Each structure stands twice: as C-alpha cells, then as structure tokens.
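The structure appears below as structure tokens.
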Amino acid sequence: MERANNAIRLWKIQGAVIEDEDIVQNIDSVSLSTVDSVLKRNQVHLKQLYKVLFDRNGMGVKELRYQYVQIVMELEANKTPRVFVYVDEAGFNLAKVRKRDRNII
C-alpha cells in the first residue's frame, strides 16, 4: 500500500488499515502514533515532500547557463589569474523554523 503511493500520509494509511478487512480484522480505530511506530519498526521512513519547479531545464535557464559558461571562459582566457568561489544553496530554505525544542526566553 505505502510502496504504491510515494505521497501517502499517515492518516491515509490509518484509514486504509481500518477499511481493509482482509489483512486486519476487527479493528475499529488505529492511532497515528501506532501507524508511525509500525512503519518505523519495518524501516519505512516518511519524508517531507517538496514541490519542484519543472522549468529548471527551460529555454531561459539554458540560455542563462550558456551565458555563464561564456563569461567564465572569457575570464579564464585573460592573463590575470582568478579564483572562483562557488556557493551552493540548493536545498537550503531559510523559511524553515524549528517547531519544537526551542528555548523560551
């Protein structure tokens, strides 16, 4: 069930367990913590999903990459030695805030 749908949530698994009479019989309710502990015991980890833009390889992005490569090649062609510093911020989101375990002042 959880392998067929990568975007499944705990409450959907909870509803499927309650509705499925073939696997588990006489179950009227299952808590989300029980579902989570069973998944962890079976080494199934749920991760947060992110929406990814599909225009990463669009024509505008390809043109910007091409221009960047041209600029770097021109800089390397000069006789003046240069040091390039690359900063990778992929996957880093400043909007993320810890919701638990914060110090209360």
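Once you know that position 97 of the sequence shown is 97 in full-length UniProt numbering, the rest is easy, because the numbers rise by one and skip nothing.
Backbone N, C-alpha and C define an ideal beta-carbon position, used for all residues, glycine too.
Being a predicted model, the structure only gives us computed values, none of them experimental.
Spatial distance of Ile-71 from Ser-37 (CA atoms):
53 Å
At a cut of 8 Å, does the region 5-22 reach the region 55-63 through at least three beta carbon pairs?
no
Thinking Gln-48 and Val-30 are a contact (beta carbons under 8 Å), I'd like their distance in whole angstroms, please.
Not a contact, Cβ separation roughly 22 Å.
Applying the 10 Å Cβ sphere with the 16-neighbour rule, what's the burial state of Val-35?
Buried is the call here.
In whole angstroms, what is the alpha-carbon distance linking Leu-39 and Ala-16?
14 Å
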